[in-house]
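Order-wise, the sequence lines are chains G and W. When we follow this note's numbering, the leftmost residue of the first sequence carries the number 30, and every step to the right adds one. When we follow this note's numbering, the leftmost residue of the second sequence carries the number 31, and every step to the right adds one. For each residue, glycine too, the CB sits at the ideal point set by N, CA and C.
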Amino acid sequence: ETGVTQTPRHLVMGMTNKKSLKCEQHLGHNAMYWYKQSAKKPLELMFVYSLEERVENNSVPSRFSPECPNSSHLFLHLHTLQPEDSALYLCASSQVPGSHYEQYFGPGTRLTVT
Amino acid sequence: KQEVTQIPAALSVPEGENLVLNCSFTDSAIYNLQWFRQDPGKGLTSLLLIQSSQREQTSGRLNASLDKSSGRSTLYIAASQPGDSATYLCAVDNAGNMLTFGGGTRLMVKP
C-alpha cells in the first residue's frame, strides 16, 4: 500500500450505532488530519495530530472522538451520530506542521447516518 | 477568521481552451496556498503549493500565481483536456498546515 489509505470506503450506520473510521499513512509523515466534506459546504478541518499529540479540534461535537496511537495510524470513533453528520470524511497527512509541506489526502469514507 | 472564496462555482469549456480559476482570501497573513483537484467521490490530489514568499508555481500545463497583498490566487490551465474535468479546490494555511478551503470550482471540459 502506498500513500494514505482509509477504511471502510463506505459506511451506513444508525443513530444509535458505534463505529470507527481508520486511516493509515505510508509516507513517513508525522502529522495527520481529519476533515469533513458535506454537500454544499467547504471542506472543514476537524482534528489535527502532530507527533501523536492533538493540537486542534476545531470545536467538533463530542460524538466524534479521534485517536492517534502512532504516527502512521489515525482513527475517528463515532457514536450517537445525527443525520446531518452524513458526509465524506477525509484523512490527510504531512510532515510536522510547517509552511513547506503539502498535505496528502486519502480517498475518504462516505458516511451515511440513517 | 479566514474566509476563502472561489469563482466561478462551475465552468464548462470546450477542449483546447485556456482557462483561469480564481481564489480569494480575506486574511493575507498566510504561510502558503495550495491547489487541489478532486474527482467525484474521491479524495484530494495536490496540484501546486505556493509559499507566501513566492509569486507563482508551475507544473506541466498548470500555473498558479499568488498575490498575497490583494488576497488572490489564480490557477491557469493551458490547452484544457477532457481529463481535466474535476473540482478544483484552493486552500490557505494561516497557522502551520491548518488549511481553510474554498468551496471549489467544478470544471467540465467538453470533447
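The bridge partners DSSP lists for Ser89/W are Leu92/W. Residues of chain G with a Cβ closer than 7 Å to the Cβ of Met138/W do not exist; the shortest Cβ-Cβ separation is about 18 Å. Neighbourhood of Ser123/G in chain W, by CB distance below 7 Å: Asn127, in chain order. Between the C-alpha atoms of Gly73/W and Thr36/G there is a straight-line separation of about 13 Å. For the options Cys120/G, Thr143/G and Glu73/G, the alpha carbon positioned closest to that of Gly137/G is the one of Cys120/G. When Lys140/W, Leu63/W, Arg85/W and Thr35/W are compared, the shortest CA-CA separation from Ser110/W is found for Lys140/W. Taking a Cβ-Cβ cut-off of 8 Å, the neighbours of Lys72/W in chain G comprise Pro136 and Gly137, given in sequence order.
Phe66/W belongs to the set of residues whose beta carbon lies under 9 Å from a beta carbon in chain G.
Ser76/W reaches chain G at Glu131, Gln132, Tyr133 and Phe134, counting residues in chain order whose Cβ is nearer than 9 Å.
For Pro98/G, the secondary structure class from DSSP, reduced to helix, strand or coil, is strand. Spanning the alpha carbons of Asn59/G and Arg83/G requires a straight line of approximately 12 Å. Residue pairing by DSSP puts Asp97/W in a beta bridge opposite Arg102/W. With its beta carbon less than 9 Å from one in chain W, Pro71/G belongs to the interface. A contact between stretches requires three or more CB pairs, one per stretch, nearer than 8 Å, and the segment 122 to 134 of chain W fails this requirement with the segment 84 to 98 of chain W. Within chain W, the C-beta atoms nearer than 7 Å to that of Val77/G come from Met128, in chain order. Residue state for Asp123/W is assigned as strand, using DSSP reduced to three classes.
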